[in-house]
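Heads up: the structure comes next, in structure tokens.
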Ligand SMILES: [Zn+2]
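Numbering (the working numbering), first residue to last: 7 to 151.
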């Protein structure tokens, strides 16, 4: 992960759309799957513990824990999907959404990434988007691709 920019948290609730293309390799996909399985295993352990009830007695306690853990896994799935989207880190050139002119990027792999945050039905999910700066407009934008 590249964190070259300060964490400017942006709250937005609009549908950002995205690309149907994936930017991650099959190897990376497998790695993320394994990481998800590990997180799901930790969620199971936090629910059941080593004794099958982990201190949860009432139905409300059980429901609260299960919902919290499930929500966290839901957010994780969404974040993984958003980060795999090609628009998270577009290619060498894109158009400025303000002036429409081309905005080249000599080294797209070095593009600044900004952490974004979106409110979902299961809490806030975070993901990254590559930023581009239009020298004509002097504005930073996030290519929708
Ligand atoms: Zn521009």
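Glycine included, every Cβ here is placed at the ideal spot set by N, Cα and C.
| Asked | Found |
| --- | --- |
| Residue from 33, 144, 65 and 120 whose Cα sits closest to the Cα of residue 104 | 144 |
| Any heavy atom of ligand 1 within less than 6 Å of residue CB: hits in chain order | 102, 104, 105, 107, 140, 142 and 143 |
| Classification of residue 136 by the beta-carbon crowding that lies within 10 angstroms, buried from 16 upward | buried |
| Boundaries (first-last residue) of the alpha helix (DSSP H) holding residue 147 | Taken as a continuous stretch (DSSP letters only), residue 147 belongs to no alpha helix (DSSP H), being part of the beta strand (DSSP E) at 145-147. |
| Through-space distance from residue 47 to residue 6, alpha-carbon basis | With the chain running from 7 to 151 in the structure shown, residue 6 is simply not present. |
| Residue 127 - DSSP class collapsed to helix/strand/coil | coil |
| DSSP three-state assignment for residue 100, whether helix, strand or coil | strand |
| From 65, 67 and 85, residue whose alpha carbon lies closest to that of residue 125 | 85 |
| Member of 45, 82, 127 and 53 whose CA lies at the smallest distance from the CA of residue 72 | 53 |
| Closest Cα partner of residue 43 within the set 101, 79 and 148 | 79 |
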